[in-house]
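Student: Residue numbers (the numbering used here): 974 to 1327.
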Amino acid sequence: MSAASNAPGEMPAIGEVTDRLGRPLRSLRVSVTDRCNLRCNYCMPQEDYVWLPRQELLTFEEIARLVEVFTSLGVEDVRLTGGEPLLRRDLPRLVKMLAADPRIRDLALTTNGVLFAEQGEALRAAGLHRVTISLDTLHPEKFSKLAGRDTHAQVLAGIAAAHRLGFPRLKLDTVVMRGVNDDELCDLIEYGRGVEAEVRFIEYMDVGGATEWSLNKVFTRAEMLKRLAQRYGPITPLNENSSAPAERFRLPDGAVFGIIASTTTPFCRSCDRSRLTADGLWYLCLYAQAGIDLRKMLRGGAGHEEIATRIASIWSARMDRGAEMRAATGHRGVLVGIEQLRQDPHLEMHTRGG
Ligand code: SAM
């Protein structure tokens, strides 16, 4: 059902919903915890944060109930994220509950990989379809500096496990920062080839905990393409008609890689993603300042229909174009200062799931 068919003030019926720019409610990122076992300096650089109160975290049953409402409205892609999702105890139990919903076409996980070698098999058995593992560098010392922990070997073991377990369409995500890892693009592509993974280079974004962000640290999409073309020769864009955040390209030797250029080339016009935090706030945009409290509805006794109607009516009114609006601002700096982050942990990338 599209918003255009709603009379003003009329509640949309339950079914497929689209927003005011015609974007469907198709993909949901579910953060299962705000905690992380790394301290990446582009995401969560401090040791300590204002953590979400434990009693406010959604139980697996509550997450599954909300996801079911979303899938009844057209959501087909569900990605578990965090914080670090593998820190949430017994995650395979949640995966099994979600995998039972036939409306979910793509049930994926984004992880830093540290605990994946331990948990990959149980996750696969529980019905997880796909996995994306973050890998910013191939050098252990650089990793320790960047992530504040000494666990590079575990990340590589996690990637090897995902490959061995036969997860299809394995992806490796790299946040590219000038002077930090922009010299590793080709090595990462070669590494990805070895584990049959597609590497996706992400432009450094100014969101949430990126309190050390500055525009000159952003290694842009254009620079990435130039660097790769110098080594491999002409690069062909795949020109897919997709709402996926990554634009995909092919090298002359056939290898495919992606670029997520949210900073210089935002893709708001096709963005069908929304985000559910571990404590049940629903965000319509990564840049949104406020979320909608679905936990309160759920714990207040609202049923499926009532929650679905609320979600549908909010999505139908959605106009968000956060990354485009940010890009249109002439002078850019850190989006949210540390004091503001301390007051509202929901503004953190690790709370709303990246
Ligand atoms: N802990 C998991 C992981 O490391 O993949 C999942 C959560 S993490 C917040 C999700 C994604 O957000 C990761 O791929 C991470 O690299 C990305 N991310 C975090 N901060 C970012 C930033 N400032 N710019 C671009 N990507 C960022």
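For each residue, glycine too, the CB sits at the ideal point set by N, CA and C. This structure is a prediction, so every number in the text was calculated from the model and none was measured.
#1: Pull up the DSSP beta-bridge partners for Y1256, would you.
#2: Is V1180 near the ligand SAM, going by C-beta to nearest heavy atom under 8 Å?
#3: By Cβ distance below 6 Å, which residues in the same chain neighbour F1043 in space, the five residues on each side in sequence not counted?
#4: Since G1131 contacts F1089 with CB under 8 Å, what's their CB separation in whole angstroms?
#5: Give me, in chain order, the residues of the same chain whose beta-carbon lies closer than 7 Å to that of E1049; leave out the 5 immediate sequence neighbours on both sides.
#6: Would you mind sorting L1211 into buried or exposed? The rule is 16 or more other CB atoms within 10 Å of its CB.
#7: The alpha helix (DSSP H) spanning D1050 covers which residue range?
#8: Just how far apart, CA to CA, sit L1039 and M1070?
#9: Consult DSSP for L994 and reduce its assignment to one of helix, strand or coil.
#10: On the DSSP bridge assignment, give the partners of A1210 in chain order.
#11: Measuring straight from C-alpha to C-alpha, what distance separates T1330 and P1218?
#12: Which of the three DSSP states is assigned to P985 in this structure?
#13: Can you find the residues in the same chain that come closer than 8 Å, C-beta to C-beta, to A1261, ignoring five residues on each side of it along the sequence?
#14: Can you give the Cα-Cα distance for K1144 and C1244, rounded to whole angstroms?
#15: Compare the Cα-Cα distances from G1121 to each of P1207, R1103, P997, Q1019 and report the closest residue.
#16: By the three-class DSSP mapping on this structure, what secondary structure does M1178 have?
#17: Do the stretch 1024 to 1034 and the stretch 1180 to 1196 make contact, defined as three or more Cβ pairs closer than 8 Å?
Tutor: To lay it out plainly:
#1: Locating residue 1256 in the sequence shown gives position 283, where the first residue counts as 1. R1248, per the DSSP bridge assignment.
#2: Within the sequence shown, residue 1180 is the residue found at index 207, counting from 1. Indeed, a heavy atom of the ligand SAM lies less than 8 Å from the Cβ.
#3: As a first step, residue 1043 is located in the sequence shown; it is residue number 70 there, counting from the start. The residues are L1001.
#4: Position 158 of the sequence shown, counted from the start, is the residue given in the question as residue 1131. Position 116 of the sequence shown, counted from the start, is the residue given in the question as residue 1089. That belief holds up - the Cβ atoms of G1131 and F1089 are roughly 3 Å apart, short of 8 Å.
#5: Counted from its first residue, the sequence shown places residue 1049 at position 76. Here the set comprises R999, R1076, I1077, R1078, D1079.
#6: By one-based count along the sequence shown, residue 1211 stands at place 238. Under this definition L1211 is an exposed residue.
#7: Position 77 of the sequence shown, counting from 1, holds the residue named residue 1050. Not the alpha helix (DSSP H): D1050 falls in the beta strand (DSSP E), residues 1050 to 1054.
#8: On the sequence shown, residue 1039 is found 66 positions in, with the first residue counted as 1. On the sequence shown, residue 1070 is found 97 positions in, with the first residue counted as 1. Each residue's Cα considered, the two are about 12 Å apart.
#9: Reading the sequence shown from its first residue, position 21 is the one you call residue 994. L994: coil per DSSP, three-state reduction.
#10: Walking along the sequence shown from the start, residue 1210 turns up at place 237. Contrary to the premise, residue 1210 reads as Pro rather than Ala in this sequence. Note: P1210 sits in a beta bridge opposite F1222.
#11: In the structure displayed, the chain extends from 974 to 1327; residue 1330 sits before or after that span and is not available.
#12: Looking up residue 985 in the sequence shown gives position 12. Low per-residue confidence applies at P985: pLDDT is 46, beneath 50, and the placement is therefore not dependable, though the value from the model is reported in the following sentence. P985 falls in the coil class under three-state DSSP.
#13: In the sequence shown, the residue the question calls residue 1261 occupies position 288. Hits under 8 Å: D1293, G1295.
#14: Stepping through the sequence shown from its first residue, residue 1144 is reached at position 171. Stepping through the sequence shown from its first residue, residue 1244 is reached at position 271. Their Cα atoms are separated by approximately 20 Å.
#15: Here residue 1121 is taken as the residue at index 148 of the sequence shown, counted from 1. For G1121, the nearest C-alpha among the options comes from Q1019.
#16: Translated into the one-based positions of the sequence shown, residue 1178 becomes position 205. Coil, per DSSP.
#17: no
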